[in-house]
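In the numbering used here, the protein residues as written are 9 to 210.
As structure tokens, then:
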């Protein structure tokens with residue numbers, strides 16, 4: 009059996025094992041863990057520079073900027089992820105023995121599988137942006153899992169939060185249609201809707 013086949017088997021096995029763990033834990037813990045993972049990646053892509061400046065000024069002065077960027081990215085990611093895990097643990101205790109039944113278990117399985125899948129995807133995406141990618145990619149040429157993980161990780165890492173915010177702002181701040189507004193302003197309160205429409209068409 010080729011080594012790369014073993015890689016695929018190990019990845020799929022890890023996803024299933026963590027899915028079973030999610031089945032045991034339930035949806036609440038796993039969902040918060042998944043939110044922490046995705047949200048941590050998004051926040052890290054936005055604020056790793058700020059974290060890097062803080063580390064450089066207050067913790068340790070790195071001469072290698074690439075290493076600083078990597079460490080600050082991982083730091084922001086892990087801090088937010090651990091915070092969400094803590095919140096999930098607290099909420100899970102509040103729910104207690106009541107649980108959410110079969111749906112809670114099923115949701116936990118999906119969230120647990122998705123969490124490890126996205127974690128591995130993000131790690132491979134980070135490695136792909138380093139010099140290591142040139143050395144390891146030849147070993148994954150026949151892999152069926154590696155391309156899926158890599159494309160997923162790059163998609164997550166490249167989410168542009170600022171662009172999403174601008175899109176939302178553009179929708180919220182879209183100017184109203186003055187013509188449509190004028191129709192309601194000019195409506196005579198003593199007339200029916202049909203009479204007002206006829207009056208406006210004149």
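Glycine included, every Cβ here is placed at the ideal spot set by N, Cα and C.
In the three-state scheme derived from DSSP, where H, G and I count as helix and E and B as strand, residue 154 is classed as helix. Counting C-beta pairs closer than 8 Å gives three or more between the segment 32-49 and the segment 78-98, which meets the contact rule.
Residue 19 is a Cβ neighbour of residue 153, given a cutoff of 7 Å.
By the beta-carbon neighbour count (other beta carbons within 10 angstroms, threshold 16), residue 138 is exposed. Residue state for residue 38 is assigned as helix, using DSSP reduced to three classes. Annotated three-state conformation of residue 71 is coil, per DSSP. Judged by beta-carbon spacing, residue 158 lies beyond the 7 Å limit of residue 128, meaning their Cβ atoms are not closer than that value. Taking residue 22 as reference, the option from 116, 121, 64 with the minimal CA-CA separation is 121. Counting every other CB atom within 10 Å of its CB across the protein chains shown gives residue 56 a total of 16 or more, marking it as buried. Residue 149 carries a coil assignment under DSSP once its states are collapsed to helix, strand and coil.
The C-beta distance from residue 35 to residue 136 rounds to 31 Å, too long to fall under 8 Å, and the pair is not in contact.
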